[in-house]
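Presented below is the structure to which this report refers.
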Ligand SMILES: Nc1ncnc2c1ncn2[C@@H]1O[C@H](COP(=O)(O)OP(=O)(O)O)[C@@H](O)[C@H]1O
Ligand SMILES: [Mg+2]
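Residue numbers (our numbering): 199 to 574.
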């Protein structure tokens, strides 16, 4: 008798590891072009699961990842926290080449450790804050206070980022960094923060326009066009981590105009959401095209501003808030469908494209949204 016969067939064009908003918007872009996607997420009602087929499972479970790989022509991700080793094992289980993954496993492994990322940038002499592993106070003293300390793995929205202006501050934080896994870097007194979506693929490479970004409590708050050009340093940053695909490159600009790389994300990025409404190719569509080796579109469009919609305390009816925001002509509301709205959580965003004071319009629309959402 024959043993169990496992039939695996590629039925999806693209697998996406992670079912958050970045996965959801990538899937929307793929669906628009008639392509089929499968997402993987522990939550059966994740933002991505609400709009298409999804496999329920832990993101670090090699067997679940292998299932995605087996049924998808190509696989990409929407966060950099999935252990590269889990994906490597999954490729072996599925009998697939490691090249099935965009952005590439070595690139992912480099990026998911913020210290490795800094070292990769340093190897190509890409300007970035000086950094080292944080083992003792001496490491911070070697850089000079004030310093910023960061969890090497898993940090986002400022969750793994702390400031220390002197030894006392750093001592007070010892409970967090004392057991290891942190880096220390020089505090950069930047004038402003910028971001560039840059891409490298078999059909070409390039970058979207440089945007100015404002973080509030370490969470991206506003994104709008600016006069600086960070494309060259962003492309060098991507080169330093050796990947293929779409990357969000966060930059610091100093008073004298110089640019430093803060961090690189190997996926669509919050600072690229403006491209959903700018009239040209969106970051998500370019991401899908890159993953599938399709011809790329020139990243050109109208000036567009974005305001993030974050979870608030004591929120009410979403539909009332949507209706209020749409009172602002030109406001385009995007909502991710997250089940739970926790204060500070990214729930959606508003874009305004075109001429005039579009930043003021995006902020006004957001005020209208929050006003109606939190009204009692
Ligand atoms: N070296 C630094 N000097 C000054 N501010 C910093 C530094 N590193 C990070 N920050 C601030 O903290 C924010 C979050 O840090 P970041 O490294 O981007 O972590 P996350 O992964 O949470 O986005 C940055 O956008 C910036 O505002
Ligand atoms: Mg960041």
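Where a beta carbon is used, it is the ideal one built from N, C-alpha and C, also for glycine.
Check, Outcome
"Count the other CB atoms within 10 Å of the CB of residue 575; is the residue buried (16 or more) or exposed (fewer)?", "With the chain covering only 199 through 574, there is no way to say anything about residue 575."
"Identify, in the order they occur along the chain, each residue of the same chain with its Cβ nearer than 7 Å to the Cβ of residue 389, setting aside the five sequence neighbours on each side.", "451, 452, 453"
"If you draw a straight line from the alpha carbon of residue 348 to that of residue 342, how long is it in whole angstroms?", "16 Å"
"Applying the 10 Å Cβ sphere with the 16-neighbour rule, what's the burial state of residue 323?", "exposed"
"Quick one: what does DSSP say residue 409 is sitting in, helix, strand or coil?", "strand"
"Please return the same chain residues whose Cβ sits closer than 6 Å to the Cβ of residue 467, not counting the five positions on each side in sequence.", "446"
"In whole angstroms, what separates the C-alpha of residue 200 from that of residue 396?", "Because residue 200 sits at a pLDDT of 42, beneath the cut-off of 50, its placement in the model cannot be relied upon, and the following sentence gives the value as read from the coordinates. Answer to the nearest angstrom: the Cα atoms are 50 Å apart."
"For residue 441 versus residue 302, is the C-beta spacing smaller than 8 Å?", "yes"
"Can you check whether the CB of residue 379 is closer than 8 Å to the CB of residue 443?", "no"
"Count the other CB atoms, across all protein chains shown, that sit within 10 Å of the CB of residue 555; report buried if there are 16 or more and exposed otherwise.", "exposed"
"Within 10 angstroms of its Cβ, does residue 571 collect 16 or more other Cβ (buried), or is it exposed?", "buried"
"In whole angstroms, what is the alpha-carbon distance linking residue 530 and residue 300?", "30 Å"
"So is the beta-carbon of residue 460 under 7 Å away from any non-hydrogen atom of ligand 1?", "yes"
"Tell me the DSSP secondary structure of residue 571 in three-state form.", "helix"
"Could you tell me if the beta carbon of residue 448 falls within a distance shorter than 7 Å of some heavy atom in ligand 2?", "yes"
"For residue 193, which three-state DSSP category applies?", "Since the first residue shown for the chain is 199 and the last is 574, residue 193 is missing from the structure and cannot be characterised."
"Taking the Cβ atom as the reference point for each residue, do residue 458 and residue 327 lie within a distance shorter than 8 Å?", "yes"
"Mind pulling the alpha helix (DSSP H) runs of 4 or more residues that sit fully within the stretch 496–557?", "516–523"
"Give the DSSP-derived three-state secondary structure of residue 238 in the structure shown.", "strand"
"Rounded to the nearest angstrom, what separates residue 386 and residue 359 at their Cα positions?", "13 Å"
"Tell me which same chain residues have a C-beta within less than 8 Å of the C-beta of residue 306, skipping the five on either side of it?", "275, 278, 280, 282, 285, 299, 441, 464"
"Closer than 8 Å by C-beta to residue 295: which residues in its own chain qualify, once you throw out the five before and the five after it? Chain order, please.", "289"
"Can you tell me whether residue 400 is helix, strand or coil according to DSSP?", "coil"
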